[in-house]
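If you read the sequence shown in my numbering, its first letter stands for residue 1244, the second for the next number, and so on. Glycine is no exception: its CB is placed at the ideal position from the N, C-alpha and C atoms. Presented below is the structure to which this report refers.
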Amino acid sequence: MKNKKFFLFLAALPFLAFVPGPEDEANKYAATITADDLGRHLNILASDEYEGRETGKKGQKMAAEYISARFKEMGIPALPTGSYYQPIDLFEKQPGAGTITSNKKEFRFSSDFFYISGIDDIKRKLPSVVFAGYGMSEANYDDYAGIDVKDKVVMILPGEPHDKKGRSLITGKPGDSEKSDRRQKVNLAREKGAAAVFIVLSNYATQLQSMKHSIEATTLRLNLKTEEKTQAPFFFISFGMADALLANAGSVETVNMLTAHIRKKKKPKSIELKQEILIDVQRVEKQISSENVLGFIEGSDLKEEIIVVTAHYDHIGKEGDVVYNGADDDGSGTVAIMEMAEAFAQAKKDGRGPRRSMLFMAVSGEEKGLLGSRWYTENPVFPLEKTVCDLNIDMIGRIDTFHVKNKNYVYIIGSDKLSTELHQINEAANKKYMQLELDYKYNSDKDPNRFYYRSDHYNFAKKNIPIIFYFNGTHKDYHKETDEVKKIDFPLMEKRTRLVFYTAWELANRDKRIVVDKKPN
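Here it is as structure tokens:
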């Protein structure tokens, strides 16, 4: 029987406010992340007024000002420099220049070939061109068999080889498979030592027009003392240029004749075209600046260790009067980190702040080649050896075609690449709080899309810092002017943002730092 006097004693005590435990605290602050708040911020950042937020341009500067102003309103202090910005030194190169010369015949940019603006300048003389069919290497069909392409130009066709009935020689099925993905082919040629890749287009004029924005975009590079080794560039060339290269080497066959031979014989026909090729792409360059926007919340007893949460706030700008607003890419991730920063800032005001420090970083230059995140990892504001992990959010406001019937999902990429614990923590947070379907489709090392290498987390992973990339997949509006706020699913975006928050909360407050137990790719 319980002591009656003891209960009378408790009743006489002054009222004591309920002190929430760690789990209740996580729920309390996660609840401040709402669809309405996400929408309020996104309607501003992804409006026409911000002109598509292209790196180094007016709209990107406006977005940086907006994000830093919100950090200030949250009570997050500026950096010791007195600013929320980490300046990024950049060089801008103008698009649309270059020649390719073979046997004194000069081919010109646009009329004969084009390239997507992201390639590096090159002036190099190469010994020969290898026509490597479709540029594929599979067990039952290998365009590279018996051919040495090291330090040479590889000329390939788009798609994949078919027989007379239209069945793929790779899969035996009609049409092309994911194995014919352009990136996969270019990367294969690079792995085999190619110095450059020519992709022959039968619909050259149509592709030239459809890729106009990417062709005419300025190219940016970082002003770093040491640059990484550049990759072999790739160019799109016309059938006319391809046939001229064949003729210059003395071949009596045209591209169409070579294609017909492959189709008829059901096997590769790769040949080396002995001719010297001079590739000369040199563009005018000027120095510009951009900035990462940093919101830093200092931790308590483990404040020297830092959890980084990133999202890129730049997009691809505008073309004439057409604005590429990038509501999903990556306005969605940007406003997600703003909401998370507010939640952690409020926790700190309430005396319930994180044990480890939190760095919420809106990154610039992602669309130009992961530039802002690389600048940070090469010039860190906080020591990389004290950086526990990076949680990167890039496109979480939409659904893709694979999840039309069940939109309660998010793609998880890279969580298990460097730390088993990080993967387990994210899984546990989802199971306990959100119950989203965690889709690992793009986490495979064989993913032809190579998404693991295509967003800002990768620059942290290269430094052996564990990462998670949260992603909703691509959709028909990806990198188009139709990526608008009205198409965002804000309730779903709220769920995904809260998952990242719960994972970050656990990482920030657990006793031990997660262990790196795997080698980086």
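According to DSSP, residues forming a beta bridge with residue i
i        : result
Leu-1444 : Ser-1481
Phe-1625 : Per DSSP, none; premise fails for Phe-1625.
Ile-1769 : Outside the displayed range of the chain (1244 to 1764) lies residue 1769, so it cannot be described from this structure.
Pro-1476 : In the DSSP output, where bridge partners are listed per residue, Pro-1476 has none listed.
Phe-1334 : Arg-1464 and Gln-1530
Tyr-1384 : Glu-1381
Thr-1553 : Met-1604 and Asn-1635
Ser-1513 : Note: Ser-1513 sits in no beta bridge, so no partner.
Met-1398 : Phe-1374 and Phe-1441
Gly-1538 : Phe-1603
His-1405 : Ser-1411
Exposure label - residue i; buried when at least 16 CB within 10 Å
i        : result
Phe-1645 : exposed
Asp-1355 : buried
Ser-1687 : exposed
Asn-1651 : exposed
Gln-1518 : buried
Val-1495 : exposed
Gln-1525 : exposed
Thr-1746 : buried
Ser-1698 : buried
Arg-1426 : exposed
Phe-1744 : buried
Glu-1548 : buried
Arg-1617 : buried
Lys-1247 : Because the pLDDT of Lys-1247 is 45, which lies under 50, any placement of that residue in the model is unreliable, and the question is left without a value.
Pro-1734 : exposed
Asp-1291 : exposed
Phe-1350 : buried
Pro-1404 : buried
Val-1728 : buried
Ser-1360 : buried
Asn-1383 : exposed
Arg-1595 : buried
Arg-1283 : exposed
Ser-1453 : exposed
Pro-1476 : buried
Val-1606 : buried
As assigned by DSSP and simplified to three states, the class of residue i
i        : result
Ile-1668 : helix
Phe-1356 : strand
Ser-1453 : helix
Pro-1597 : coil
Glu-1749 : helix
Val-1776 : Not covered by the structure: residue 1776. The range shown for the chain is 1244 to 1764.
Phe-1723 : Per the sequence shown, the amino acid found at residue 1723 is Lys instead of Phe. Here Lys-1723 sits in coil by DSSP.
Thr-1344 : strand
Lys-1247 : Per-residue confidence for Lys-1247 stands at a pLDDT of 45, beneath the threshold of 50, marking its modelled position as unreliable; the derived number appears in the next sentence. Lys-1247 falls in the helix class under three-state DSSP.
Gln-1329 : strand
Pro-1417 : strand
His-1718 : coil
Ile-1276 : coil
Glu-1737 : helix
Glu-1562 : strand
Glu-1609 : helix
Neighbourhood of residue i by C-beta, 6 Å cutoff - its chain only, sequence neighbours within 5 removed
i        : result
Trp-1748 : Ala-1269
Ser-1311 : Tyr-1327 and Val-1536
Ile-1458 : Phe-1357
Ala-1485 : Val-1443 and Val-1498
Asp-1571 : Met-1638, Gly-1640, Arg-1641 and Asp-1726
Asp-1760 : Thr-1663
Glu-1335 : Thr-1461, Leu-1463, Lys-1529 and Ile-1531
Glu-1562 : His-1456
Close beta carbons around residue i, own chain, < 7 Å, minus the five adjacent residues each side
i        : result
Pro-1330 : Ser-1532 and Glu-1534
Phe-1603 : Gly-1538, Val-1552, Ile-1580, Met-1583 and Ala-1584
Arg-1756 : Glu-1548 and Val-1631
Tyr-1683 : Ile-1655
Asp-1772 : Missing from the structure shown is residue 1772; the chain here goes from 1244 to 1764 and no further.
Ala-1260 : The pLDDT assigned to Ala-1260 is 40, lower than 50, so where the model puts this residue is not dependable, and the model offers no usable value.
Same chain only: Cβ atoms within 8 Å of residue i, ignoring 5 sequence neighbours per side
i        : result
Met-1736 : Ala-1278, Leu-1281, Ser-1575, Ala-1579, Ile-1639 and Gly-1640
Gly-1418 : Gly-1409 and Ser-1411
Met-1244 : With a pLDDT of 40 at Met-1244, under the threshold of 50, the predicted position of this residue should be treated as unreliable, and no value is reported.
Asp-1406 : Leu-1412, Arg-1506 and Lys-1509
Leu-1679 : Asn-1651, Tyr-1652, Val-1653, Asn-1673, Lys-1738, Arg-1739 and Leu-1742
Asn-1707 : Leu-1661, Val-1759 and Pro-1763
Nearest-angstrom beta carbon gap, residue j and residue i [assumed within contact, 8 Å]
i        : j        : result
Pro-1709 : Ser-1662 : 4 Å
Val-1396 : Ala-1439 : 5 Å
Lys-1435 : Met-1379 : About 12 Å; that fails the 8 Å criterion.
Ala-1774 : Met-1317 : Any question about residue 1774 goes unanswered here, given that the chain covers just 1244 to 1764.
Glu-1724 : Tyr-1567 : 5 Å
Lys-1689 : Pro-1763 : So it is not a contact: roughly 17 Å between Cβ atoms.
Phe-1441 : Met-1398 : 4 Å
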